[in-house]
Amino acid sequence: MGYQEYYAESINEPERFWQRQADQLAWFTPPLHILSTDSNGIQRWFADGKLNLAYLAVDFHVEQGRGDQAAIFYDSPVSDSKRQISYRDLMEQVARFAGVLRAKGVGYGDRVVIYMPMIPEAVVAMLACVRLGAIHSVVFGGFAAHELASRIEDAEPKVVLTASCGIEINKIIAYKPLLDEAIRLSAHQPEHVIVYQRAQCAAELQEGRDYDWCALAQEADQAPCVPVNGADPLYILYTSGTTGKPKGVVRDTGSYAVALKHSMSMLYDVKPGDVFWAASDVGWVVGHSYIVYGPLIHGCSTVLYEGKPVKTPDAAAFWRVAEEYRVKALFAAPTAFRAIRKEDPEGRLPARYDLSHLRYIFMAGERLDPPTYQWVSEVLDKPVIDHWWQTETGWAIVGNPMGVEPQPTKAGSAGLPMTGFDVRVLDANGDEMPVNQQGSIAIKLPLPPGCLPTIWGDFERLRSGYLRTFPGYYVSGDGGYKDEDGYIFIMGRTDDVINVAGHRLSTGEMEEVVASHPAVAECAVIGIQDPLKGQEPVGLVLLKDGVSIAEAELQQELVGLMRDRIGALACFKRVMVVDRLPKTRSGKILRKLLRQMADGEEFSIPSTIDDPSCLGEIQMLMQQRRIGTVAR
């Protein structure tokens, strides 16, 4: 069956299609109802089946005789350590730590907050919660205390799991003082805190509340897997919201397991025993889906990497890891490859490594600009596959089905709709846009398995934020268009469309033009207030390492490029060269924050920012260049 027939069946006969995918899993009790409706009116998949994801991810493979296979390759250049953990060893660690949690009163339906770095114990913690039927909420290690406090208040965990520290480039971040302050600020007080002590920094333990991880694990009995319903919550993952209150995306158990197992073969074309590397963090949805649950459910070996694409120690880090562990598929954000390209613009480093096992490069997390796509394709001479998805969906909405029938790639497009996702481009009235015309990207209900059924403790927030704009559709918040071949082009958040003298223009399209300049390593285009035109675009640009060009000269050349490719109506006249752009830890450029700075608006620095020190430098440059309201 080719892609078109395969996709059509998932849309036209969804219950039959997803029943077949569910049959690939080892359920304790197979679901009788494939698709049903819950009390909120949301359609749910496999709600009455019984299963346990820790069993599927670990125990099942040991029972099948594959206990000696590597489950995790842990590689930490920042701590100069490596470990290989087999499925059998992982099962023993997970069962024993589940026993630790059980002894501290954690059971079915309880919440546990996990505040940890990229170490194997973070994976053990997640799977141990799941083994007991508890709901975990992973918070990115090092988040500010007040942000962590808000998540503790919302999830109301019985226990918090942490490590004594995280390790960044030439920097140790002590986690325990941040956690102590978060608990002090929180209206909800967890009963226990369990701390994994790392050699680089010891944490002080508060008597009566805090416990040493290893000491408890040595004494604990192993706990068995607890069967849960398919509709039971698996985890809460907090994502950015507009109200200031944390927005906890809930993932249910059965549909997530089916979607991930399906995607590993359908989209990523990997098989049990292959090595899969998602170069992300367990604090993000990519880490949940494709460092932990997806690869392990599928029987792959997963790479857990505690480092950066550059400076740990250099821009060859990705290629060294890919060679050492014989990685078949590498998945990272485009910003990682832009960072590599900035330090190795000629692409000489990959040739020093044996990358014969590396078949695919997958990218997601932000728009893959054509210059980055072309550079990686040329340097590696391997397929580069863009795909687009969200925390809310848990897996790819749009991509390229490499395991079913690979489709031709188009630079600038995230690909074609994936199974179960009926993707439409709508105008403001909810009517479908003609091909090649931009609108709001929406998904016709029901959403396929794996997508969020609610927001933790606030279903109305799901309805108002995602379902109310276009009745019968999930609204993604992203804008873009569909071409005559059905390929989807994601041009950025709908609020990244600017209005210049009555013309609605995509800053994503402008960034594509700016990034095509040979001197540009990375860029952001923002729309700032203009009393005459409404808004005008401004480009912020990072230069490639070793490139020297005057700002005025670069500005002149980029203005010319913009006139040639988009036209004078873009009114693109201003360019500012910067050393760094503000980004989240997952690599997304904080364009809204840049707009607020330029327009002289009040702004708050988000907890997800990777390096806030660049904001002062950019604000000073805006004032010097007289860009935006801030300089008027």
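All letters in the sequence shown, in the order written, are residues 14 to 645 by the numbering used here. Note that CB positions come from ideal geometry on N, CA and C, so glycine has one too.
Taking the alpha-carbon positions, what's the residue i to residue j distance?
i, j, result
"A377", "S489", "15 Å"
"V527", "C536", "7 Å"
"P106", "V417", "The sequence given here places Gln at residue 106; Pro does not occur at that position. Cα to Cα, the separation comes out at about 36 Å."
"G425", "F502", "6 Å"
"Q548", "A611", "12 Å"
"K171", "L114", "10 Å"
"A644", "I511", "Note that A644 scores a pLDDT of 46, beneath 50, so its modelled location is shaky; the value from the coordinates is reported in the next line. So the alpha carbons of these two residues sit roughly 21 Å apart."
"V173", "K605", "32 Å"
"N449", "D498", "10 Å"
"S23", "V397", "25 Å"
"Y386", "Q97", "32 Å"
"A563", "P419", "43 Å"
"M14", "D225", "54 Å"
"A272", "L567", "46 Å"
"G267", "R638", "54 Å"
"A455", "E220", "52 Å"
"E356", "Y19", "42 Å"
"L458", "H301", "24 Å"
"V119", "G146", "9 Å"
"V126", "E166", "11 Å"
"V263", "D382", "31 Å"
"F585", "P550", "6 Å"
"S163", "G478", "20 Å"
"K596", "T348", "10 Å"
"K321", "A346", "12 Å"
"V305", "I539", "36 Å"
"P625", "Q231", "41 Å"
"T404", "A330", "27 Å"
Which two residues bound the contiguous alpha helix (DSSP H) that contains residue i?
i, result
"T665", "An answer regarding residue 665 cannot be provided, because it is not within the stretch 14 to 645 covered by the chain."
"S276", "266 to 279"
"E614", "No alpha helix (DSSP H) holds E614; DSSP gives it neither H nor E."
"P384", "383 to 393"
"H159", "158 to 168"
"C653", "Past the edges of the chain, shown from 14 to 645, lies residue 653, and the structure says nothing about it."
Based on Cα-Cα distance, which residue from the options lies nearest to residue i?
i, options, result
"V554", "Q548, G540, D543, L571", "L571"
"D265", "D61, V299, E614", "D61"
"A108", "I127, E524, V71", "V71"
"L229", "Q213, A244, D245, Y209", "Y209"
"Q632", "L567, L594, R361, I622", "L594"
"F110", "S163, C227, L66", "C227"
"I640", "Q420, C627, D543, L273", "D543"
"T406", "L250, E134, Q34", "L250"
"Q32", "N25, P44, E194, W388", "P44"
"E473", "G54, R29, D36", "G54"
"N25", "I541, G433, T482, F153", "G433"
"P462", "S369, D435, T482, L603", "D435"
"L460", "N442, A441, L480, F41", "L480"
"I622", "M635, E615, R598", "R598"
"H726", "F73, P363, M431", "The first residue shown for the chain is 14 and the last is 645, placing residue 726 beyond what the model contains."
"R333", "Y366, D102, C313, F156", "Y366"
Would you kindly check if the distance between the Cβ of residue j and the Cβ of residue i is under 7 Å?
i, j, result
"F350", "A291", "no"
"H201", "K117", "no"
"L287", "K341", "A small correction: the amino acid at residue 287 is Asp; Leu does not occupy that position in the sequence shown. In this structure, K341 lies closer than 7 Å to D287 by Cβ."
"K260", "T252", "yes"
"M131", "E319", "yes"
"A532", "V560", "yes"
"V392", "I374", "no"
"L140", "V152", "no"
"I185", "C214", "yes"
"M589", "A583", "no"
"P133", "Y188", "no"
"W40", "L48", "no"
For the beta strand (DSSP E) containing residue i, list its first residue and its last residue.
i, result
"Y303", "Run containing Y303: none; DSSP gives neither H nor E here."
"Q37", "No beta strand (DSSP E) holds Q37; DSSP gives it neither H nor E."
"E549", "547 to 556"
"G493", "486 to 495"
Tell me, to the nearest whole angstrom, how far the beta carbon of residue i is from that of residue j; I am working on the premise that it is less than 8 Å.
i, j, result
"L429", "V411", "7 Å"
"M277", "G307", "5 Å"
"A84", "Y100", "4 Å"
"I148", "L64", "I148 to L64, Cβ: 15 Å. No contact."
"Y121", "L192", "That pair is no contact at about 25 Å."
"D234", "G112", "5 Å"
"G552", "R608", "So it is not a contact: roughly 13 Å between Cβ atoms."
"D36", "P358", "Wrong, their Cβ atoms sit about 49 Å apart, outside the cutoff."
"D496", "G505", "About 17 Å separates the two Cβ atoms, so there is no contact after all."
Is there a Cβ from chain C that is less than 7 Å from the Cβ of residue i?
i, result
"T252", "Chain labels in this structure do not include chain C; a single protein chain is all it has."
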